[in-house]
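FYI, in our numbering the residues of the sequence shown are 45 to 630. Beta carbons: idealized from backbone N, C-alpha and C, even for Gly. Remember, predicted model here, so these are calculated numbers, not experimental data.
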Amino acid sequence: MEREEFLQVYRHSLAHVLAKAVIEIFGKDKVQFSIGPQIDDGCYYDFTLPRNVTQDDYPVIEEKMREILKRKEDWTRKEVSKDEAREIFKDQKFKMELIEELPEDEIITIYYTGDDYVDLCRGPHVENSQELLQTAFQVKSASGAYWRGDENRDSMQRIYLYAFPDKKALKEHLALVREAMERDHKKIGPELGLFMFHETAPGMPYWLPEGWKLYNALLSFWRDIHERHGYQEIAAPILNSRELWITSGHWAHYQNNMFISEIDENTVYAIKPMNCPNSINVYKREGHSYKDFPLRFSETSPIHRKEKSGELNGLFRVQLFHQDDDHTFLTEDMIGDEIADIMKIADQIYNTLGLTYRAELSTRPDDFMGDVELWDKAEAELKEILDATYGEGGYEINEGDGAFYGPKIDLQMKDALGREWQMGTIQLDFQLPGNFGLKYAAADGTLKQPVMIHRAIFGSFERFIGILIENFKGAFPFWLAPTQVSLVPIHEEHNEYAKKIEGMLRDRHIRVQTDSSDKNMMNKIKTFKKAKTPYVVVIGDKEVENNTVSLNIRGTNKQVNDVPLEKFLTMCEEMDREKPLELREA
């Protein structure tokens, strides 16, 4: 069975079987059913039901589905008029709403599964249920949903179904799901004291002490690389007046996602959802020549974007976050070299973290801003660069998925579980410089409009850190770990030597904690191991006498004894500088 065939036909057909099973279980007169598309790991269907579906219902639904498949019923496609469709679905209000939106002369397709279940659907589907007998499926979950995603419309129950070609594929996927649950950053993050949320600030993370150390280690790594590539970091206001956002186009295209504060009827401010207009303000403070270019303004100030409560998801979907943003001003003939340099930065950052990525080009959306000719020119530039970097056909094209002000290159990153995440983005913008009247002195003495590149490598620190938590399962590389070394003096008389080591580590900018309490040594070690500290250093009489340390290395049960202190300090410095993924033994 071809993968595409399974995605397009089998999973979609199983959604119909799921709906038929639910109707047979709860009763035709008590069920309203709406839509049931296929998704990456199966399908789902939305219903209104006489009661909430619970986990006790899952095996009942699965068994009913198997029973239906064993009937080996024919699937029949029919074309009907709008009036005929109204008659067929007169008792199903969601189907009726969909039907009423169609033109009066529309030819509508419906599918029968057997004689007693019919659905409004374009298809395609299987010809007989027996084709689905070898598939493997399992109810994943049941959750709340709104009709058409609108919180002001009907509340529904969405039943998700895992669906795969065979039992082996389903088993492998369930193992992956279990592993993903164990890696869930929403579980690991609070356990490790990295971050928290509070109901008074939904979708706005609190960074706890250990998490802020991690954040700043990542930020320091990012800053060092960007300084070496000629970036200048700025910080700009979080609140700007409506006039700035009108000029930028955000007021027309993005107002619904902005937090707005009305001071009075003539004074309206908005918390910035993006950094670009403020970078433009910095550019405009003085005149520029082509000799100043590329002029790169990076910024990590907090930004806010309004999201629906049901869409918030840990650090992955928040309302407050920090982009690793940059806005570069340059001439058209610099674009190729500049984007090539951005790709080098992405390579260095992702490779350091053991992550791979691929590129996608997103083109002009329906709500684009500016002239079609400029868009065509910008897209042609990016295609030429991607062709040179990856070869023709070595990247994907997402038609109509660009930003409203220009086409973009998105970087899709792959984590330890093989999951892909859209992270970095490189957006070419010929529009905003024109909106703000930006100019520079060209080589021929004329004033010309610069090109602007919006780009980010992490996307946002919050989301990237969420992915890193899951990728490393909270066991970060040495250079990134919130606490890199923990010191455990066995008795009070060993505290002075522990304090000496702590000072020497801090002098080398190594993040260190010491537990000099009178708690049991094994309990101290256990606490630090639970925190996933890379090295737990045990200090007793022997270590004090010989100026050595004994190491408990994360991920192993071994203890490395009699390590000369200077050797350990040097190793820590080297690991912090070289940033290996694996821990080293002294």
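_Checking 9 Å against the spacing of the C-beta atoms, do residue 559 and residue 572 come in under that value?_
Yes. Within cutoff.
_According to DSSP, is residue 561 part of a helix, a strand, or is it coil?_
Residue 561 falls in the coil class under three-state DSSP.
*Starting from residue 413, follow the beta strand (DSSP E) in both directions and report where the run begins and ends.*
Counting along the chain, residue 413 sits inside no beta strand (DSSP E), nor does DSSP assign it H or E at all.
_For residue 387, the first and last residue of its enclosing alpha helix (DSSP H)_ = Annotation for residue 387: the continuous alpha helix (DSSP H) segment containing it runs 379-396.
*Straight-line Cα distance separating residue 471 from residue 277*: One alpha carbon belongs to residue 277, the other to residue 471, and they sit about 19 Å apart.
*Just grab the DSSP bridge partners of residue 457 for me.*
Answer is 401 and 465, bridged to residue 457.
*Leaving out the 5 sequence neighbours to the left and right, which residues in its chain are closer than 7 Å to residue 282 when beta-carbon positions are compared?*
The beta carbon of residue 282 sits closer than 7 Å to the beta carbons of 315, 316, 345 and 346 from its chain, once the five residues preceding and following it are set aside; these are given in chain order.
*Helix, strand or coil for residue 526 per DSSP?*
It is coil, neither helix nor strand.
*Hey, residue 411 and residue 498 are a contact pair by Cβ (cut 8 Å); roughly how many whole angstroms apart?*
At roughly 17 Å, the Cβ-Cβ gap does not stay under 8 Å, so residue 411 and residue 498 are not in contact.
*Can you list, in chain order, the residues of its chain whose CB lies under 8 Å from that of residue 389, leaving out five sequence neighbours each side?*
Only 269, 270, 273 and 501 meet the Cβ criterion.
*asked:* Considering only the alpha carbon of each residue, which of 68, 224, 468 and 575 lies closest to residue 112?
replied: Taking only the C-alpha atoms, the option nearest residue 112 is 68.
*Select from 140, 322, 358 and 492 the residue whose C-alpha is nearest the C-alpha of residue 511.*
Closest in alpha carbon position to residue 511, among 140, 322, 358 and 492, is 358.
_contact_flag[the stretch 392-410, the stretch 452-466] where n(CB pairs < 8 Å) is 3 or more_ = Short answer: they touch.
_Taking its Cβ as the centre, do 16 or more other Cβ atoms sit within 10 Å of residue 333, making it buried, or is it exposed?_
Burial call: exposed.
*Measure the Cβ-Cβ separation of residue 105 and residue 62 and say whether it is below 9 Å.*
One thing to note: residue 105 has its Cβ within 9 Å of the Cβ of residue 62.
*Would you report the Cα separation of residue 398 and residue 595, rounded to the nearest angstrom?*
Straight-line Cα distance between these residues: approximately 25 Å.
*Grouping DSSP H, G and I as helix and E and B as strand, with all else coil, what is residue 318?*
Coil, per DSSP.
_residue 125 beta carbon less than 9 Å from that of residue 14_ = Residue 14 cannot be examined here, being either before or after the span of the chain that is shown, 45 to 630.
_Going by the DSSP bridge assignment, what does residue 492 pair with across the sheet?_
Answer is 484.
*Ends of the alpha helix (DSSP H) at residue 291?*
Element bounds for residue 291: 286-292.
*Determine the DSSP secondary structure at residue 628, reduced to helix, strand or coil.*
Reduced to three states, the DSSP call for residue 628 is coil.
_Tell me whether the stretch 592-607 and the stretch 576-583 touch, counting them as touching only if at least three CB pairs, one residue from each stretch, are closer than 8 Å._
Touching, per the Cβ criterion.
*So what does residue 157 bridge to, in DSSP terms?*
Residue 157 is bridged to 119 and 161.
*Spell out the partners DSSP gives residue 450 in its beta bridges.*
According to DSSP, which records beta bridges pairwise, residue 450 is partnered with 447.
*Could you give the distance in angstroms between the alpha-carbon of residue 143 and the alpha-carbon of residue 57?*
One alpha carbon belongs to residue 143, the other to residue 57, and they sit about 21 Å apart.
*Leaving aside the five residues before and after residue 322 along the sequence, list all residues of the same chain whose C-beta is less than 6 Å from its C-beta, in chain order.*
Here residue 322 has 280 as same chain residues with Cβ atoms under 6 Å from its own Cβ, once five neighbours each way along the sequence are excluded.
_Less than 7 Å between C-beta atoms, sequence neighbours within five positions excluded: which residues of the same chain meet that for residue 76?_
Cβ neighbours of residue 76 beyond the five flanking positions: 91, 92, 136, 137 and 138.
*Looking only at DSSP bridge pairs, what is residue 374 linked to?*
BP columns for residue 374 point to 495.
*Is the number of C-beta pairs between the stretch 84-103 and the stretch 200-210 that are closer than 8 Å three or more?*
With the cut-off at 8 Å, the stretch 84-103 and the stretch 200-210 touch.
_Can you list, in chain order, the residues of its chain with a C-beta nearer than 7 Å to that of residue 518? Leave out the 5 residues immediately preceding and following it._
Answer for residue 518: 232, 236 and 576, listed in chain order.
*Expressed to the nearest angstrom, what Euclidean distance is found between the alpha-carbon atoms of residue 319 and residue 292?*
Rounded to the nearest angstrom, the two C-alpha atoms are 11 Å apart.
*Closest residue to residue 201 among 391, 431, 375 and 98 (Cα-Cα distance)*: With distances taken between Cα atoms, residue 201 lies closest to 98.
*Spatially closest choice to residue 503 from 210, 362, 304 and 230, by CA coordinates*: Of the candidates 210, 362, 304 and 230, the one whose C-alpha sits nearest the C-alpha of residue 503 is 362.
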